[in-house]
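FYI, in mature numbering (1 follows the signal peptide of the UniProt record, and there is no 0) the residues of the sequence shown are -21 to -1, 1 to 148. We put the beta carbon where it would ideally sit given N, CA and C, even for glycine. Single-structure report; data block below.
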Amino acid sequence: MKFIFTIGILSQLLLAFPSMAQSPFTAPDSLLIIQEGIASYYGSRFHKRMTANGEIFDMWEFTAAHKHLPFGTLIKVTNKNNGYQAIVRINDRLPKSSRRIIDLSKGVAEHLDMVRDGIVPVSLELLSHHAIDWVRKQYREVPRDIRLRSYFQGVAYRKRPEIVKKPLR
C-alpha cells in the first residue's frame, strides 16, 4: 500500500513540475542567430519606389534591406534595447560599404519602438534550421559577417578492428 501511495505522489510531483529541457525537435535560439549589429530604418523618402528585387517599396510592410541575404528570406529581428521582435522579409539591398547590418521599413521600426532612436543594436535570427540550410545553399562561399551554423551535424564512425569483444565464460 505504501508503495502505491509513493508512486502516486511521485507521479503528481512530476506532472506539477514540467521538464525545462529543450525539445530535441527544436534548436536553442542562440543557434539560429546569424548576425548582430546596428539597424536603422527608412521610410517616406523611398516609399513607392522600386526595391532591388523589383517590387515597389511600401514603408508600412514588414520588409528590410540586407547586404547579401537572399531575397525572400524571412528573419526575426530583435531590438536588444527592449527585447521587441518582428519577422521581416528581405526585399532590398544595403550598400556593401554600409556599417549597419540591416535597414528596416518604418512599419517595422515603429513595431520595434526604434523610430525615436533611429538606430539600435539588433540580432538577426533565421526561423529554423531548414532555413539555415536553404540560405547556406544560396552561396558559393558564405559571407564572413554572417553565421550559418547547423544544429544537426552529420556523424561518421567506423568500427575499430583492434577492439574485439571477448565472450563471457
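Rounded C-alpha distance that separates residue i from residue j
i: Arg95; j: Gln64; result: 17 angstroms
i: Arg128; j: Trp113; result: 12 angstroms
i: Leu73; j: Asp82; result: 7 angstroms
i: Ile125; j: Ser77; result: 15 angstroms
i: Val99; j: Arg119; result: 31 angstroms
i: Val56; j: Ala31; result: 20 angstroms
Beta-bridge pairing of residue i - partner residues as DSSP gives them
i: Met29; result: Ile35
i: Val101; result: Gly16, Asn58
i: His45; result: Arg72, Ile81
i: residue 205; result: This structure gives no information on residue 205, because the portion of the chain shown stretches from -21 to 148.
Residue environment, residue i, which counts as buried when at least 16 other CB atoms sit within 10 Å
i: Gln117; result: exposed
i: Met38; result: buried
i: Ile66; result: exposed
Sequence-distant residues of its chain with Cβ nearer than 6 angstroms to residue i (five each side left out)
i: Leu11; result: Glu104, Leu105
Neighbourhood of residue i by C-beta, 7 angstroms cutoff - its chain only, sequence neighbours within 5 removed
i: Lys75; result: Lys46
i: Gly51; result: Arg68, Ile69
Close Cβ partners of residue i (< 8 angstroms) along its chain, the five nearest in sequence each way excluded
i: Glu34; result: Asn70
i: Lys27; result: Ile35, Phe36, Asp37
Beta carbon proximity, residue i to chain D, threshold 7 angstroms
i: Ile35; result: Absent here is chain D; the protein component of the structure consists of one chain.
Bounding residues of the alpha helix (DSSP H) (the contiguous stretch that carries residue i)
i: Val94; result: Element bounds for Val94: n/a, residue is neither H nor E.
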